[in-house]
Amino acid sequence: MMKFWWTVLLTVGLIGVYVTGKGFSHEVVGLIFSATLVVHIVQWRKWWASIFKGMYTKRRYLTMLLNVALLIGMLIVIVTGIVSSRSIFHFQGIVGSIRPYERVHIILGDIMMVLGFIHLLIHLPYLRQLRNRLIENK
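If you read the sequence shown in our numbering, its first letter stands for residue 115, the second for the next number, and so on.
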């Protein structure tokens with residue numbers, strides 16, 4: 115059941131990061147979202163470990179491509195977010211303009227939001243099963 119609640123928190127965090135705009139609150143929500151993302155990936159480590167095992171259907175292949183794209187994209191979004199930080203990580207002393215990092219962070223962040231919702235929609239039947247089990251256990 116924890117996977118269900120972490121997925122809910124991850125979704126809320128994704129929306130929260132998007133609507134907070136720039137500034138301290140965006141960075142705090144972004145850090146919480148990043149931590150939740152790490153927990154989500156760790157919870158699904160068996161899926162990642164089986165990525166090169168078994169036969170690949172079209173659906174499995176597309177899901178794998180989507181998940182790998184999300185992982186790489188989110189790592190880039192997190193790093194560019196830290197580099198272009200003006201509040202929490204302001205102490206890092208990046209020399210030169212942070213503008214290119216901000217642009218990558220914004221553009222890739224928007225792309226990751228779309229891919230994240232596609233990921234959520236693909237796994238909606240599984241999430242419904244988890245929700246139903248949660249309701250039955252009450």
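C-beta: ideal position from N, C-alpha, C; glycine also.
Exercise. Hey, which unbroken runs of the alpha helix (DSSP H) at 4 residues or more fall wholly within the region 131-186?
Worked result: List check, alpha helix (DSSP H) in window: 138-157 and 159-163.
Exercise. Taking the C-alpha atoms as reference points, what is the distance between residue 136 and residue 179?
Worked result: C-alpha separation (whole angstroms): 30 Å.
Problem set entry | Option in 198, 184, 154 and 165 with minimal Cα separation from residue 228 | Per the Cα distances, 184.
Exercise. So residue 219 packs on residue 182, CB below 8 Å; how close in whole Å?
Worked result: That belief does not hold up - the Cβ atoms of residue 219 and residue 182 are roughly 20 Å apart, past 8 Å.
Exercise. Which residue comes first and which comes last in the alpha helix (DSSP H) that contains residue 249?
Worked result: Counting along the chain, residue 249 sits inside the alpha helix (DSSP H) bounded by residues 238-250.
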